[in-house]
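Okay, so the sequence shown: first residue is 1 according to the UniProt record's numbering, each after it adds one.
Positions of the beta carbon are idealized from the N, C-alpha and C atoms, including for glycine.
Values in this document were obtained by computation on a predicted structure and should not be read as measured data.
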Amino acid sequence: MESIASFPSSSPLHLCLPSSFLPPLPPLRFPLHPHRHQRAARLVSHSALPSSAASSTLSTTDTTISGEKFNWYANWYPVAPICDLDKRAPHAKRILGLDIVVWWDRVKEQWQVFDDRCPHRLAPLSEGRIDQWGRLQCVYHGWCFNGSGGCELIPQASPDGPPVQRAKKACVAVYPSIVQNKIVWFWPSTDPQYKDIALKEKPPYVPQLDDPSYTSSMGMRDLQYGYEILTENLMDPAHVPYAHYGLLTNPKPIAPNARDREGGRPMELIIEVLDKTGFFSTNNIGHCKFIAPCLYYSVMTLGSNNGSISSQSTSEDSSKTIQKQKNSLLVFLCVPVSPGRSRVIYAFPRNFSVWLDRIFPRWFFHIRQNLILDSDLYLLYIEEQKIAEVGHSNWLKACYVPTKSDAMVTAFRRWLIKHAEGRIHWPTKFSNYLSPSLPKEQIMDRYWSHTVQCSSCRAALKCMKVLEIFLQVFSVISIGILAAMKGSLVSTVTRVSIVFTAVLCFLASRWLSHFIYKNFYYHDYNHAFVLKQ
Numbered sequence: 001m002e003s004i005a006s007f008p009s010s011s012p013l014h015l016c017l018p019s020s021f022l023p024p025l026p027p028l029r030f031p032l033h034p035h036r037h038q039r040a041a042r043l044v045s046h047s048a049l050p051s052s053a054a055s056s057t058l059s060t061t062d063t064t065i066s067g068e069k070f071n072w073y074a075n076w077y078p079v080a081p082i083c084d085l086d087k088r089a090p091h092a093k094r095i096l097g098l099d100i101v102v103w104w105d106r107v108k109e110q111w112q113v114f115d116d117r118c119p120h121r122l123a124p125l126s127e128g129r130i131d132q133w134g135r136l137q138c139v140y141h142g143w144c145f146n147g148s149g150g151c152e153l154i155p156q157a158s159p160d161g162p163p164v165q166r167a168k169k170a171c172v173a174v175y176p177s178i179v180q181n182k183i184v185w186f187w188p189s190t191d192p193q194y195k196d197i198a199l200k201e202k203p204p205y206v207p208q209l210d211d212p213s214y215t216s217s218m219g220m221r222d223l224q225y226g227y228e229i230l231t232e233n234l235m236d237p238a239h240v241p242y243a244h245y246g247l248l249t250n251p252k253p254i255a256p257n258a259r260d261r262e263g264g265r266p267m268e269l270i271i272e273v274l275d276k277t278g279f280f281s282t283n284n285i286g287h288c289k290f291i292a293p294c295l296y297y298s299v300m301t302l303g304s305n306n307g308s309i310s311s312q313s314t315s316e317d318s319s320k321t322i323q324k325q326k327n328s329l330l331v332f333l334c335v336p337v338s339p340g341r342s343r344v345i346y347a348f349p350r351n352f353s354v355w356l357d358r359i360f361p362r363w364f365f366h367i368r369q370n371l372i373l374d375s376d377l378y379l380l381y382i383e384e385q386k387i388a389e390v391g392h393s394n395w396l397k398a399c400y401v402p403t404k405s406d407a408m409v410t411a412f413r414r415w416l417i418k419h420a421e422g423r424i425h426w427p428t429k430f431s432n433y434l435s436p437s438l439p440k441e442q443i444m445d446r447y448w449s450h451t452v453q454c455s456s457c458r459a460a461l462k463c464m465k466v467l468e469i470f471l472q473v474f475s476v477i478s479i480g481i482l483a484a485m486k487g488s489l490v491s492t493v494t495r496v497s498i499v500f501t502a503v504l505c506f507l508a509s510r511w512l513s514h515f516i517y518k519n520f521y522y523h524d525y526n527h528a529f530v531l532k533q
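Written as structure tokens, this is what we have:
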């Protein structure tokens, strides 16, 4: 099927399409939200840039480059897709080292983001509930809070006594929040000056995610490596035929003159713009853009006309041509969680084969997408440990990146060094060092990192477990009924049929148990034994 086939190895896109749709393509214009990223959307010709901006590699002297500083705490961050948030309960999240709780305010009919601690004894509000009056209740002592963070009830306070619930210390810190592209975003500052920041500044906007002619299925997963590793890995097309062999590429017979089995080859990646807001890159099949701090997207236009429009065409003909084009995007939101931890929210909007997403549930696609994430998860975890050993500031000295296929990776590292001092400025409660090494089973866990957070996978798991139990019970009952019946009342054919059905149900339950564990709990991945030829 088109939605689960793969791009060729030269593509930086982690989406699956048939290889017949891959002619060289010009960039597709991608409008950004006018309130924020007008400057980021500006395209500058490659020839007009200094050689350092167009280069695919960085010299060690780049570490001394200084530029306009990037403020990590003055930007919008995605919390979660609303399709994975249950309005009946509060949800705990950690972003940029901040523990937050997101919950549905029935009174104001909007999502609220609070500091995840009750002002009473600092218990997590995310472990609480939403009461019948639509208030967020701390279940430790029953304190209740409205959508503005004000305390409305302290059960232990006398109704005839002083109104202690009105004290400023009884209030919960509230973060500005907004829903855009079907995702809840928050601004990581409770300073009153940012209370109405949503009126002045919006998160980066992806119009295709709100376009009904495009698919808009989303997914989310927590990862056991940091924001820097996540972001640069998504920007690296050269690793696809190797780290994701057989998943994002279709294995082919090895040609006599082939240099290796996987078919890696040189790539032409050009960095067109690099400034405080991010950078813009072009390649032979489309273009990519990084909008700091979270959004990275890739754009492809598929079709026989290569997305080009003749200068002699009328505006009406041009519009019809554009409408016939098959457009596809990969949208990744890279979320810094804490040192050595990150979260990715992804969507693959496209305006063709939309019917696939209407027929198949999200969990069906998440199985393959999680396997893709698993295939390089452990090696990225180890890589981050080794980078920490040499020191993040020594990345340019320790890593040898001589080819143009690393252009976007080095551009990201250059942006990080030039505008963000080479690192995220975590809250003081965190050291900038990684936690001790974890066992592989914990690193590649799927249940806590994805399944419990995804409404579709969570529902599918529940149904499959019920089906597994039903198959087991049915097989046992069938054998029991057969044993209880007198031999003279049951023909040999009937007896064999019942036994065969019982065995088949039992085997199906065992297969389903294996399927559940492998796809919803834990799936190991060994590159040495993947599709050996």
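Asked                                                                                                              : Found
Runs of alpha helix (DSSP H) lying entirely within the stretch 202–245, each at least 4 residues, in chain order   : 227–234 and 240–243
Local Cβ density within 10 Å of residue 534, reported as buried at 16 or more and exposed below that               : No answer is possible for residue 534: the residues shown for the chain start at 1 and end at 533.
Sheet register partners of Phe-290 (DSSP bridge)                                                                   : Phe-279 and Tyr-296
Cα-Cα separation, Pro-159 to Ala-170                                                                               : 16 angstroms
Buried or exposed (CB count within 10 angstroms, at least 16 for buried), Gly-226                                  : buried
Entirely enclosed alpha helix (DSSP H) segments - the stretch 433–516, minimum 4 residues                          : 440–443, 455–484 and 492–516
Of the residues Ser-437, Asn-394, Ser-491 and Ser-375, the one placed nearest His-527, counting alpha carbons only : Ser-375
Residue ranges of each beta strand (DSSP E) within the UniProt domain "Rieske" (76–186), 3 or longer               : 77–81, 91–95, 98–105, 110–115, 151–153, 177–180 and 183–186
Straight-line Cα distance separating Gly-149 from Gln-385                                                          : 40 angstroms
Terminal residues of the alpha helix (DSSP H) in which Arg-368 lies                                                : 362–375
Distance between Leu-96 and Phe-290 (C-alpha atoms, nearest Å)                                                     : 18 angstroms
Terminal residues of the beta strand (DSSP E) in which Ala-528 lies                                                : Counting along the chain, Ala-528 falls outside any beta strand (DSSP E), and DSSP gives it neither H nor E.
Own chain residues within Cβ distance below 6 angstroms of Cys-144, not counting five before or after              : Arg-135, Gln-137, Glu-152 and Leu-153
Simplified DSSP state of Ser-353, which is helix, strand or coil                                                   : coil
Check whether Val-184 and Val-113 have beta carbons under 9 angstroms apart                                        : yes
DSSP three-state assignment for Val-401, whether helix, strand or coil                                             : coil
Glu-262 versus Asp-131, Tyr-77 and His-239, residue with shortest Cα-Cα distance                                   : His-239
Length of the line joining the Cα atoms of Ala-407 and His-287                                                     : 13 angstroms
Coarse secondary structure for Ser-393, derived from DSSP in three states                                          : helix
Alpha-carbon to alpha-carbon, Leu-467 and Leu-482                                                                  : 22 angstroms
For Asp-260 and residue 542, the rounded distance between their alpha carbons                                      : Outside the modelled stretch of the chain, which goes from 1 to 533, sits residue 542, for which no answer is possible.
Residues near Phe-127 by beta carbon distance below 7 angstroms, same chain, minus five either side                : Checking the displayed sequence, the identity of residue 127 turns out to be Glu instead of Phe. Result list for Glu-127: Val-139, in chain order.
For Gln-156 and Val-206, the rounded distance between their alpha carbons                                          : 48 angstroms
Identified DSSP bridge partners for Asn-284                                                                        : Paired residues: none, contrary to the question.
Length of the line joining the Cα atoms of Lys-404 and Tyr-378                                                     : 26 angstroms
Same chain only: Cβ atoms within 7 angstroms of Arg-88, ignoring 5 sequence neighbours per side                    : Ile-130
Limits of the unbroken beta strand (DSSP E) element including residue 536                                          : Only positions 1 to 533 of the chain appear in this structure, which leaves residue 536 out of reach.
Bounding residues of the alpha helix (DSSP H) (the contiguous stretch that carries Phe-520)                        : Per DSSP, Phe-520 belongs to no alpha helix (DSSP H) and is neither H nor E.
DSSP three-state assignment for Glu-272, whether helix, strand or coil                                             : strand
Cross-strand partners of Thr-301 (DSSP beta bridge)                                                                : Asn-327
Whole-Å CB distance - Met-444 paired with Asp-524, under 8 angstroms assumed                                       : 7 angstroms
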